[in-house]
Amino acid sequence: MQVHLNRPARRFDIPQGLNDTADATLMGRTGHLLRMIIMLSHAGGIPALPMLDQSNRPPASRWPESAPDWQQRFMFRAGRVIALFILCHAASLAASVMAPLDSIGLQPLWSASAVQQFYAERENRPIWFDAEMPRPALFSLVQFLETLGDHGLDPDDYHATVLREGLESAPNIPLPERLRNQLEWWATDAFFALSVHLDTGRAYPGRPGLDAVLMNALPQLSVLLAVAVDHDQVASHLTPRPADPAIYAGLQAALVRLEGMPEFPVFPVGTASLRPGERDPRVAQLRECVAAWERFALPETPTAEISPDDPLIYDSGLVQRVMRFQTHMGLEDDGVVGPATLAMLNTPRTRRLDQLRANLERQRWPVLEEHGRLIRVNIPAFTLAALHDGQKVWQTRVIVGRQYRPTPLLEGKINTVVFNPTWTVPTRLVKEDLLPKIMADPNFLEDEGMTLYQRTAAGSIPIDRTELEEMIATGTRPSGLGIRQAPGKRNALGRVKFLFPNNEQIYLHDTPSRQLFNRARRMFSSGCIRVEDPLVLAEFVMGDEPGWTPERMEAIISAGKTRGIRVEPVAIQFVYWTVWADAQGNNVHFREDIYDEDAALARDLARTPWEEAT
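Note that the UniProt record's numbering has the sequence shown beginning at 1, numbered continuously upward.
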């Protein structure tokens, strides 16, 4: 699934004396204090940093005029510490010089080029060692690395074991030079890689390779590393900034708990559904499966185990527990143990672990950081949530794209609400869906309020079904065909649609097919999002627009004329979260991986550093 990030480019004024895009980009997110420091540096007020020296700077082509958001986040963090670094001059650097990279044996690095460039700019002076002794920050780094499992990452992907064993090999005495060199490179490589992976994700789609990211951000990361080491604040500088901190903490707690549990019991497969009230030998196994899930997902919600009169009866107490399981899995909560419930019950523990790790990773991906109103569509949960200042104020059900026409991950800002919209059918749907229906039913166009037309150099020319039949009968391949549906009760977009700029022609809208919202699995669209309560959403989106009351909206809809309203932009993001929990890791919810994204992401997270770097 492709990710499209249509964020507006942010531009910054360039103070007089800064004459290239590199300075503008560097200043992009570094704060007012850094801006002053750069200006003073160019004016001769303070010595210029090496990273700002024209002779040492990377080529201007590596500094885009407007840095992407994942790079701007590095700059923002660096901006908070660069001034401190300059004013305090950091700790004194050891005078010893390290051996070059190719002269020592190393575990593969995430980015040998970035690490090598970092030390080259330091004239190969160590940063993690003071003379021959490790600095406190190196021990802090190792301690932090050993907690990476709680983030769904493998500590050994970041050299945790070799660093720990290296430090333990000669406690309280100077380490051999070769070992010091190795530990230097491993530690710096780990810090650089985690600066990206914990801040913007390890497998974030659409981002350049890690090597390119690190080389572009190296000036900022170099300062970040120096301050982190000098002040022994490695962990604080590597702290993730998840999309939802409470969910992230809950996923971490759930992951740790599940890692300490045995494999889940298995319910017999290939058998008939089990219904409430039935007597069946499988009931005992069902109790065991549900109890195991409760120990994991609801550890703070005790379940009273009452010995049934007949242990083989699927009694009301067990039915209630199964219904609760179904609710937490996004299933129809009817108490029937059918194929969908059986599939969720029998999902292996290893698969659940992969899902938890995948969703921790997604929480680290950059999202719109909005204060105020935000609309979040969770595709596999089939939900839309309206948030204000990070707090959920309302939620409704939605319908998303089919598996063969999936809804893409998008984000942007809703800027237009259209009442009584017309529907210009996408060309693909005209060919694949509607033309066969037109040919099969002479009254289809009229019944659906649709107009068939052909796009020509002179404009759009209406044609009828008879003309279309003649084209086909004479072997003329119809081209440029389009279909437009007038507003009305049968219009596929319903009474209102919500537009935001994107390259996929995706938007949110009402639908006349209201009955589909009662389904548990709601994948019926061709990619757009159908909203169960579109007028409530319109109230939320137009909340800052004076005079737009529900009564006024209803009056416009009743008039039947199409009307588009420009609104104050409201942020919207589509996410793919298949697991979430409360901040303590209780009340764990799973959803079906409808687009098979979890398994693919788990494979990406399992790749080794040398595979990632190639």
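Backbone N, C-alpha and C fix where the C-beta goes; we use that ideal spot for every residue, glycine too. Because the structure is a prediction, the values reported are computed rather than measured.
### Query
Got a sec, what are the start and stop residues for the alpha helix (DSSP H) isoleucine 173 sits in?
Looking up residue 173 in the sequence shown gives position 173. Here isoleucine 173 belongs to no alpha helix (DSSP H), and DSSP marks it neither H nor E.
### Message
Looking at the secondary structure, which residues open and close the beta strand (DSSP E) in which alanine 385 lies?
### Response
Translated into positions along the sequence shown, residue 385 becomes position 385. Alanine 385 -> beta strand (DSSP E) spans 383-388.
#### Entry: serine 526 beta carbon less than 8 Å from that of leucine 601
Within the sequence shown, numbered from 1, the residue matching residue 601 stands at position 601. Within the sequence shown, numbered from 1, the residue matching residue 526 stands at position 526. No, Cβ-Cβ distance for leucine 601 and serine 526 is not below 8 Å.
#### Entry: Beta-ladder partner(s) of asparagine 378, from DSSP
Residue mapping note: residue 378 aligns to position 378 of the sequence shown, counting from 1. DSSP lists Thr383, Val575 as partners of asparagine 378.
### proline 136, enclosing alpha helix (DSSP H) - first and last residue
Walking along the sequence shown from the start, residue 136 turns up at place 136. Taken as a continuous stretch (DSSP letters only), the alpha helix (DSSP H) holding proline 136 covers 136-145.
### Query
Curious, which full-length alpha helix (DSSP H) runs of at least 4 residues does the region 312-380 contain?
316-328, 339-345, 349-364
### Query
Measuring CA to CA, which of Ala457, Arg373, Ala114 is closest to glutamate 539?
Counted from its first residue, the sequence shown places residue 539 at position 539. Considering only alpha carbons, the answer is Arg373.
### Task
Count the other CB atoms, across all protein chains shown, that sit within 10 Å of the CB of glutamate 545; report buried if there are 16 or more and exposed otherwise.
Walking along the sequence shown from the start, residue 545 turns up at place 545. By the 10 Å Cβ count, glutamate 545 comes out exposed.
### Message
According to DSSP, simplified to helix, strand and coil, what is tryptophan 70?
### Response
Along the sequence shown, read from residue 1 onward, the residue named residue 70 stands at position 70. Note on tryptophan 70: pLDDT 49, under 50, position unreliable in the model; the coordinate value appears next. If DSSP states are grouped into helix, strand and coil, tryptophan 70 belongs with the helices.
#### Entry: Identity of the residue in Trp423, Leu138, Ala203, Glu121 nearest leucine 499 by Cα
In the sequence shown, residue 499 corresponds to position 499, counting from 1. Ranking Trp423, Leu138, Ala203, Glu121 by Cα distance to leucine 499 puts Trp423 first.
### Message
Which same chain residues end up closer than 6 Å to tryptophan 70 when comparing Cβ atoms and leaving out the 5 residues on each side of it in sequence?
### Response
By one-based count along the sequence shown, residue 70 stands at place 70. The pLDDT assigned to tryptophan 70 is 49, lower than 50, so where the model puts this residue is not dependable; a value taken from the coordinates is nonetheless given after this. Contacts found: Thr200, Arg207, Pro366.
### Query
For leucine 435, which of helix, strand or coil comes out of DSSP?
Counted from its first residue, the sequence shown places residue 435 at position 435. It is helical.
### Task
Would you mind stating whether histidine 328 and alanine 297 have Cβ atoms separated by less than 8 Å?
Sequence index remark: in the sequence shown, residue 328 carries index 328 (1-based). Sequence index remark: in the sequence shown, residue 297 carries index 297 (1-based). Cβ distance < 8 Å, so histidine 328 and alanine 297 count as in contact.
#### Entry: Simplified DSSP assignment, three categories, for serine 558
As a position in the sequence shown, residue 558 is number 558, starting the count at 1. Three-state result, serine 558: helix.
### Same chain, Cβ closer than 8 Å to valine 234, neighbours up to 5 away in sequence not counted
What you label residue 234 is simply residue 234 of the sequence shown in a count that begins at 1. Cβ within range, chain order: Ala137, Ser140, Leu141, Phe144, Phe191, Ala228.
### Query
Would you report the Cα separation of aspartate 604 and leucine 286, rounded to the nearest angstrom?
Working through the sequence shown from its first residue, we reach residue 604 at position 604. Working through the sequence shown from its first residue, we reach residue 286 at position 286. Rounded to whole angstroms, aspartate 604 to leucine 286 spans 34 Å at the Cα level.
### Query
Alpha carbon to alpha carbon, what distance is there between glutamine 117 and leucine 194?
Along the sequence shown, read from residue 1 onward, the residue named residue 194 stands at position 194. Along the sequence shown, read from residue 1 onward, the residue named residue 117 stands at position 117. Computed Cα separation, rounded: 18 Å.
### Task
Return the chain-ordered list of same chain residues with a C-beta closer than 7 Å to the C-beta of asparagine 172, the five sequence neighbours on each side being excluded.
Along the sequence shown, one-based indexing puts residue 172 at 172. There are no such residues.
### Task
Kindly give me the distance between the Cβ atoms of proline 534 and arginine 495, rounded to whole angstroms, as I take these residues to be in contact under 8 Å.
Here residue 534 refers to the residue found at position 534 of the sequence shown. Here residue 495 refers to the residue found at position 495 of the sequence shown. About 7 Å; that satisfies the 8 Å criterion.
#### Entry: Cβ neighbours of lysine 413 in the same chain (closer than 7 Å, five flanking residues each side left out)
Here residue 413 refers to the residue found at position 413 of the sequence shown. So the qualifying residues of the chain are Phe500, Pro569, Val570, Ala571, Ile572.
### Task
Tell me where the beta strand (DSSP E) around serine 525 begins and ends.
As a working mapping, residue 525 is identified with position 525 in the sequence shown. Counting along the chain, the beta strand (DSSP E) containing serine 525 begins and ends at 523-525.
### Message
On the CB-based measure, 16 or more other CB atoms within 10 Å of its CB, does glutamate 554 come out buried or exposed?
### Response
As a first step, residue 554 is located in the sequence shown; it is residue number 554 there, counting from the start. Counting Cβ neighbours within 10 Å, glutamate 554 comes out exposed, since fewer than 16 surround it.
### Query
Any idea if threonine 407 is buried or exposed, counting beta-carbon neighbours within 10 angstroms, 16 or more meaning buried?
Taking the sequence shown and counting its residues from 1, the one referred to as residue 407 is at position 407. Per the 10 Å Cβ criterion, buried.
### Message
Alpha carbons only, please: which of Thr347, Gly330, Glu184, Asn587 is nearest the one belonging to alanine 131?
### Response
Stepping through the sequence shown from its first residue, residue 131 is reached at position 131. Ranking Thr347, Gly330, Glu184, Asn587 by Cα distance to alanine 131 puts Glu184 first.
### Message
Between leucine 410 and chain D, is any beta-carbon pair separated by less than 8 Å?
### Response
Looking at the structure shown, chain D is missing, and only one protein chain is on hand.
### Query
Just curious, the alpha helix (DSSP H) that serine 113 is in, first and last residue?
The residue given as residue 113 occupies position 113 in the sequence shown. Residues 112-121.
### Supposed contact pair proline 487 and glycine 560 - C-beta distance, whole angstroms, cut 8 Å
Position 560 of the sequence shown, counting from 1, holds the residue named residue 560. Position 487 of the sequence shown, counting from 1, holds the residue named residue 487. Indeed they touch by this definition, with Cβ atoms about 6 Å apart.
#### Entry: Cβ neighbour criterion (16 or more within 10 Å) applied to isoleucine 594
Residue mapping note: residue 594 aligns to position 594 of the sequence shown, counting from 1. Buried.
### Query
Taking all protein chains shown into account, do 16 or more other C-beta atoms lie within 10 angstroms of the C-beta of glutamine 363, making it buried, or fewer, making it exposed?
Within the sequence shown, residue 363 is the residue found at index 363, counting from 1. Label assigned to glutamine 363: buried.
### Task
Could you work out which residue in Asp510, Ala243, Glu288 is closest to residue 616 when comparing CA atoms only?
Not covered by the structure: residue 616. The range shown for the chain is 1 to 614.
### Task
Look at the alpha carbon of valine 536 and the alpha carbon of isoleucine 375, and state the distance between them as a whole number of angstroms.
Translated into positions along the sequence shown, residue 536 becomes position 536. Translated into positions along the sequence shown, residue 375 becomes position 375. Cα to Cα, valine 536 sits roughly 12 Å from isoleucine 375.
### Task
Find the nearest neighbour of proline 512 within the set Arg490, Ile506, Phe524, judged by alpha-carbon distance.
To locate residue 512, count along the sequence shown from 1; it is residue 512. The option with the nearest alpha carbon to proline 512 is Arg490.
### Within 8 Å, strictly: CB atoms of leucine 353 and phenylalanine 574
In the sequence shown, the residue the question calls residue 353 occupies position 353. In the sequence shown, the residue the question calls residue 574 occupies position 574. Not closer than 8 Å, so no.
### Message
Checking 8 Å against the spacing of the C-beta atoms, do leucine 167 and tryptophan 186 come in under that value?
### Response
As a working note, residue 167 is residue 167 in the sequence shown. As a working note, residue 186 is residue 186 in the sequence shown. The answer is no: Cβ separation not under 8 Å.
### Query
Taking buried to mean at least 16 other C-beta atoms within 10 Å of its own C-beta, is asparagine 378 buried or exposed?
The residue labelled residue 378 in the question sits at position 378 within the sequence shown. That one is buried.
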